[in-house]
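Under the numbering used here, think of the first position of the sequence shown as 152, with each following residue one higher. Even for Gly, the Cβ is constructed at its ideal location relative to N, Cα and C. Everything below concerns the one structure shown next.
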Amino acid sequence: MYARFFFSGSRRKQAHEPSIEELTVKEIIASMLAEVREATDDLNSEEAVERFRLAYLSRKGRIAQLFEQLKTVPADERPLTGKALNELRQITQSLLDGAVEKLKQSAGSRDRLDLSLPGRTQPRGHMHIVSQTIEEISDIFRRMGFSVADGPEIETDHYNFEALNFPADHPARDMQDTFFITEDHLLRTHTTPVQVRLMERFRPPIRAIFPGKVYRNEVISARSHVQFHQIDGLFVDQGVTFADLKGTLVTFAKMYYGSSLRYRFRPSFFPFTEPSAEMDISCYLCNAKGCRVCKQTGWLEILGCGMVDPNVFRSVDVDPEEHSGYAFGIGIERTAMLRHAIDDIRLLFENDLRVNHQFN
Ligand SMILES: [Zn+2]
152 MYARFFFSGS
162 RRKQAHEPSI
172 EELTVKEIIA
182 SMLAEVREAT
192 DDLNSEEAVE
202 RFRLAYLSRK
212 GRIAQLFEQL
222 KTVPADERPL
232 TGKALNELRQ
242 ITQSLLDGAV
252 EKLKQSAGSR
262 DRLDLSLPGR
272 TQPRGHMHIV
282 SQTIEEISDI
292 FRRMGFSVAD
302 GPEIETDHYN
312 FEALNFPADH
322 PARDMQDTFF
332 ITEDHLLRTH
342 TTPVQVRLME
352 RFRPPIRAIF
362 PGKVYRNEVI
372 SARSHVQFHQ
382 IDGLFVDQGV
392 TFADLKGTLV
402 TFAKMYYGSS
412 LRYRFRPSFF
422 PFTEPSAEMD
432 ISCYLCNAKG
442 CRVCKQTGWL
452 EILGCGMVDP
462 NVFRSVDVDP
472 EEHSGYAFGI
482 GIERTAMLRH
492 AIDDIRLLFE
502 NDLRVNHQFN
């Protein structure tokens with residue numbers, strides 16, 4: 152049973168204590184509101200929410216019952232009482248809505264904390280194919296006792312050409328399509344200048360490789376690019392012979408391309424080596440039968456090499472009568488392309504992830 156509505160004013164001023172029947176509508180609404188608020192604290196499940204809704208807000212709920220009793224209220228008080236009841240209903244509804252929302256959120260946060268879910272894998276990066284190739288080649292030479300040196304990418308004419316036995320009017324110099332910065336400064340066209348810098352700084356024996364970027368003023372095509380990478384190598388000591396050169400480079404080729412390969416050295420020409428050679432290996436893609444990559448020859452050219460020209464030694468004050476040495480140069484992109492049968496050098500620089508991710 153609910154308290155009947157009584158109204159503030161004359162009766163409240165009477166001397167006796169108010170009974171429950173005599174509570175004002177204000178007090179009833181206030182006590183109902185307090186009750187509703189307290190009940191909201193327990194709305195921690197869908198069932199509790201539904202029980203709350205049925206108890207207070209359904210058509211037969213307690214607030215509806217209070218509305219029923221509105222007709223017992225004197226007519227002149229009815230509008231205010233009705234307004235107060237409406238407010239009670241609105242507040243109760245918004246408390247219920249708040250509880251439902253909170254329930255949804257905590258359900259969501261329970262989902263986020265579900266430790267049984269599999270973890271999210273973070274994509275892992277990997278080295279670019281060019282870096283991988285440099286690393287692999289460097290590693291093989293390191294194991295053969297070579298240290299790794301570096302030099303500037305902006306070189307002077309002296310280091311890039313002059314000291315390497317390219318005289319000013321040498322036709323080989325025209326063969327190098329060079330990016331000149333000033334008359335005397337240029338983007339190095341090969342990593343070979345580092346050998347000059349090394350021999351200036353250190354006395355023999357010297358055994359080092361020098362990987363790095365090089366630049367040529369060429370039209371970009373499937374076969375050539377304006378910027379690519381080389382590894383040059385140098386070994387200088389007393390009594391170094393072509394046999395040492397062959398031993399080192401054949402060992403490298405077998406370690407890098409496979410121990411069953413066949414190889415050959417063809418005479419060639421470089422201004423800074425004499426004699427000079429190019430090294431070929433049997434095509435491992437077609438087993439030397441002839442394919443697109445080896446251009447049907449069964450052979451792949453993998454590097455250039457030779458004995459250090461006496462003129463190069465003289466330019467760095469090393470006595471060619473006392474010392475001898477060999478030098479070699481490997482094109483990194485070419486090596487990577489041969490190794491992985493890539494037919495367009497541009498693929499190595501476009502950073503298309505569909506390409507890069509194939510060399511993970
Ligand atoms: Zn082939």
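Assigned exposure category for residue i - 16 Cβ within 10 Å defines buried
i: Arg354; result: exposed
i: Ala394; result: exposed
i: Asp508; result: Correcting the residue identity first, residue 508 is His in this sequence and not Asp. Result: exposed.
i: Glu334; result: exposed
i: Ala300; result: buried
i: Arg358; result: buried
i: Phe156; result: At Phe156 the pLDDT is 47, less than 50, meaning the model places this residue with poor confidence and gives no usable figure here.
i: Met278; result: exposed
i: Thr223; result: exposed
i: Pro132; result: With the chain running from 152 to 511 in the structure shown, residue 132 is simply not present.
i: Val370; result: exposed
i: Asn511; result: exposed
i: Glu501; result: exposed
i: Arg294; result: exposed
i: Phe379; result: buried
i: Gln216; result: exposed
i: Glu484; result: buried
beta-carbon residue i near ligand 2 non-hydrogen atom, thresh 8 angstroms
i: Leu412; result: The model depicted lacks ligand 2 and carries ligand 1 instead.
Beta-carbon contacts of residue i that lie in its chain and below 7 angstroms, excluding the five residues immediately before and after
i: Leu184; result: Leu239 and Ile242
i: Arg417; result: Ala428, Glu429 and Asp431
i: Asp193; result: Ala199
i: Val391; result: Ser475, Gly476 and Tyr477
i: Glu425; result: Gly457, Met458 and Asp460
i: Arg229; result: Leu221
i: Asn462; result: Asn316
i: Arg348; result: Gly302 and Tyr310
Where residue i falls: helix, strand or coil (DSSP)
i: Glu306; result: strand
i: Val365; result: strand
i: Phe353; result: coil
i: His380; result: strand
i: Tyr435; result: coil
i: Glu425; result: strand
i: Asp388; result: strand
i: Val299; result: strand
i: Thr402; result: helix
i: His491; result: helix
i: Met183; result: helix
i: Arg465; result: helix
i: Ala359; result: strand
i: Ser411; result: coil
i: Gly476; result: strand
i: His336; result: strand
i: Phe218; result: helix
i: Leu454; result: strand
i: Ser419; result: strand
i: Thr175; result: strand
i: Gly512; result: Outside the shown range of the chain (152 to 511) lies residue 512, about which nothing can therefore be said.
i: Val459; result: strand
i: Phe331; result: strand
i: Asp395; result: helix
Contact test: residue i Cβ vs ligand 1 heavy atom, cutoff 8 angstroms
i: Gly441; result: yes
i: Gly409; result: no
i: Leu512; result: Past the boundaries of the shown model lies residue 512; the chain is included only from 152 to 511, so the question cannot be answered.
i: Cys434; result: yes
i: Cys445; result: yes
i: Gly449; result: yes
i: Cys437; result: yes
Contacts around residue i, its chain only, beta-carbon distance under 6 angstroms, and the 5 residues preceding and following it disregarded
i: Gly384; result: Ile360 and Phe479
i: Asp516; result: This structure gives no information on residue 516, because the portion of the chain shown stretches from 152 to 511.
i: Arg213; result: Tyr207
i: Ala235; result: Ile180
i: Met406; result: Ile291
i: Ser170; result: Note that Ser170 scores a pLDDT of 45, beneath 50, so its modelled location is shaky; the value from the coordinates is reported in the next line. Cβ neighbours of Ser170 beyond the five flanking positions: none.
i: Glu452; result: Glu429 and Asp431
i: Gln447; result: Gly441
i: Thr191; result: Leu246 and Ala250
i: Lys255; result: none
Neighbourhood of residue i by C-beta distance below 8 angstroms, restricted to the same chain and skipping five residues each side
i: Tyr414; result: Val401, Ala404, Met430, Asp431, Ile432 and Ser433
i: Glu287; result: Tyr407
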